[in-house]
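Visitor:
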Amino acid sequence: MKTLTLKNKFQTNATLLPNDFIDNYMIDANGEFVKVYLFLLRHLDDPCSSLTLTTIADCLNNTEKDILRAFRYWEKKGLLRMERDSEGRITALELQKTALLRSAESVSAPAAVTEPAESTSERRQAGGASARTGKAVSIDTLRAQKEIKSLLFIAEQYLGKTLTHSDMETITYFYDTLHMSADLIEYLIESCVENGHKSMHYIRKVAFSWAEAGIVTVAQAKEHSALYNKNCYTVLNAFGIKNRAPATSELTYIRKWNEDYAFSSDIIQEACRRTIAATHQPSFEYADSILTKWHDKGIRHLKDIETLDEEYQKERALGRSSTRTKAVTKNLNNFERRSYDMDSLEEQLLNSN
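Numbering (the numbering used here), first residue to last: 102 to 454.
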């Protein structure tokens with residue numbers, strides 16, 4: 102029997118995905134996060150691969166901020182470790198063996214440095230508490246405790262400091278009382294920090310505004326933030342203000358014009374334009390006086406402003422005409438009647454000839 106020659110035309114260019122990832126990690130993860138993880142796994146053994154944050158975002162049709170959120174999520178789960186330079190910029194990504202090789206090689210590997218694990222003493226305390234009360238700790242309670250602990254750890258990373266007791270109570274309040282999900286609270290802190298606000302007082306104000314607006318998902322928060330950025334940009338750009346966010350007092354005016362008065366952007370821009378023309382500088386107070394007058398007059402469209410301007414010009418013209426008439430009448434009434442010697446004047450005229 103002749104020896105058989107085996108020819109392989111099958112391309113072995115494939116990415117191995119452990120069952121452990123599918124069974125224990127994929128189910129609870131956001132779909133976009135899974136895409137990021139699979140993309141990194143695909144390029145793990147590619148010697149020609151040169152990845153940047155921008156490259157990943159472009160390939161996955163996503164934003165760089167969302168890519169960073171995915172990195173932090175998988176780091177928290179122990180599947181990824183980010184290396185940073187002295188300025189906090191990401192220099193390298195390391196996929197951990199925790200899940201990648203556990204099922205394939207049955208080799209234990211060091212877990213990534215993520216959130217603090219629950220200590221033995223904490224587990225004993227929880228068990229002791231349930232034993233004393235005679236009640237088992239519910240799964241929901243344990244999940245809540247784990248999520249809050251994770252949130253506190255994440256908050257410290259974003260804020261770059263150790264949380265105070267008051268800070269921890271505030272974050273717990275978001276979770277327990279405002280009923281914000283862990284993902285939403287994480288996005289809340291992330292977006293505030295990225296906009297230059299690390300004050301817990303500021304973060305609390307944003308959380309309250311989201312609660313009042315009925316925001317319960319990250320998607321809704323992103324939409325709300327986009328609208329906020331658009332409104333702020335409209336005013337700052339109309340005033341010629343560049344490279345800074347609005348101050349707290351300025352933001353109060355912007356919200357008043359957009360939310361309380363419900364003015365469209367073109368009306369607000371027109372008020373800003375008139376402010377610059379009148380004062381030659383950006384003045385939120387002056388613009389507010391214009392918009393308040395328009396609000397009281399029931400202005401809703403630019404055409405309404407044109408009509409209001411025409412009425413004002415007519416009233417002004419009538420006022421000027423009335424003023425001139427009164428002035429002429431007053432001058433006539435004050436005219437002194439003089440008596441002349443007509444015979445003498447006539448004689449002077451005859452002699453002059």
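By construction, the Cβ of each residue, glycine as well, lies at the ideal position given by its N, Cα and C atoms. Since the structure is predicted, the reported quantities are computational estimates derived from the model, not experimental observations.
Quick check on this structure: which residue in 135, 163, 165 and 158 has the alpha carbon closest to the alpha carbon of residue 181?
Guide: 135
Visitor: Per the contact definition of three or more C-beta pairs closer than 8 Å, is the region 308-322 in contact with the region 330-342?
Guide: no
Visitor: Roughly how many angstroms lie between the CA atoms of residue 359 and residue 329, to the nearest whole one?
Guide: 10 Å
Visitor: Measure the alpha-carbon distance for residue 193 versus residue 280 and round it to whole angstroms.
Guide: 36 Å
Visitor: Can you name the residues that DSSP bridges to residue 193?
Guide: Partner(s): 184.
Visitor: Just how far apart, CA to CA, sit residue 316 and residue 304?
Guide: 15 Å
Visitor: Ignore the nearest five residues each way along the sequence and tell me which others in residue 161's own chain have a CB closer than 7 Å to its CB.
Guide: Cβ within range, chain order: 136, 137 and 140.
Visitor: Could you give the uninterrupted runs of the alpha helix (DSSP H) lying entirely in the region 306-392, keeping only those of 4 residues or more?
Guide: 319-339, 349-356 and 366-380
Visitor: Output the distance between the C-alpha atoms of residue 131 and residue 362, rounded to the nearest integer angstrom.
Guide: Residue 131 and residue 362 have their C-alpha atoms roughly 38 Å apart.
Visitor: If distances are taken between C-alpha atoms only, which option among 400, 348, 402 and 419 comes closest to residue 384?
Guide: 348
Visitor: How big is the Cα-Cα spacing for residue 169 and residue 318?
Guide: 18 Å
Visitor: Given a cut-off of 8 Å on the beta-carbon distance, is the pair residue 273 and residue 249 in contact?
Guide: yes
Visitor: In the DSSP assignment, find the alpha helix (DSSP H) that holds residue 284 and state where it starts and stops.
Guide: Start and end: 283-295.
Visitor: Can you give me the Cβ contacts of residue 271 inside the same chain, cut-off strictly under 8 Å, excluding the 5 residues immediately before and after it?
Guide: 301, 304 and 305
Visitor: Residue 391 and residue 400 - do their beta-carbons sit closer together than 8 Å?
Guide: The answer is no: Cβ separation not under 8 Å.
Visitor: Expressed to the nearest angstrom, what Euclidean distance is found between the alpha-carbon atoms of residue 393 and residue 376?
Guide: Using only the alpha carbons, I get a separation of about 13 Å.
Visitor: Take residue 398 and list the residues in its own chain whose beta-carbon comes closer than 7 Å to its own, dropping the five residues that flank it on each side.
Guide: 409
Visitor: Using the three-state DSSP reduction, which class does residue 267 fall into: helix, strand or coil?
Guide: helix
Visitor: Going by Cα to Cα distance, which pick from 184, 133, 195 and 187 is closest to residue 165?
Guide: Closest in C-alpha terms to residue 165, from the list 184, 133, 195 and 187, comes 133.
Visitor: Residue 260 and residue 299 - do their beta-carbons sit closer together than 8 Å?
Guide: Taking C-beta atoms as the reference points, residue 299 and residue 260 count as a pair closer than 8 Å.
Visitor: Take residue 117 and list the residues in its own chain whose beta-carbon comes closer than 6 Å to its own, dropping the five residues that flank it on each side.
Guide: none
Visitor: Could you give the first and the last residue of the continuous alpha helix (DSSP H) run that contains residue 174?
Guide: Boundaries of the alpha helix (DSSP H) harbouring residue 174: 165-177, taken from the DSSP string.
Visitor: Could you tell me whether the Cβ atoms of residue 354 and residue 389 are closer together than 8 Å?
Guide: yes
Visitor: One question on the structure: do residue 403 and residue 367 come within less than 8 Å of each other, judged by their Cβ atoms?
Guide: In terms of Cβ geometry, residue 403 and residue 367 form a close pair [threshold 8 Å].
Visitor: Does residue 173 pass the burial test, meaning 16 or more other C-beta atoms within 10 Å, or should it be called exposed?
Guide: buried
Visitor: Nearest CA to the CA of residue 196: which residue from 122, 247, 262 and 188?
Guide: 122
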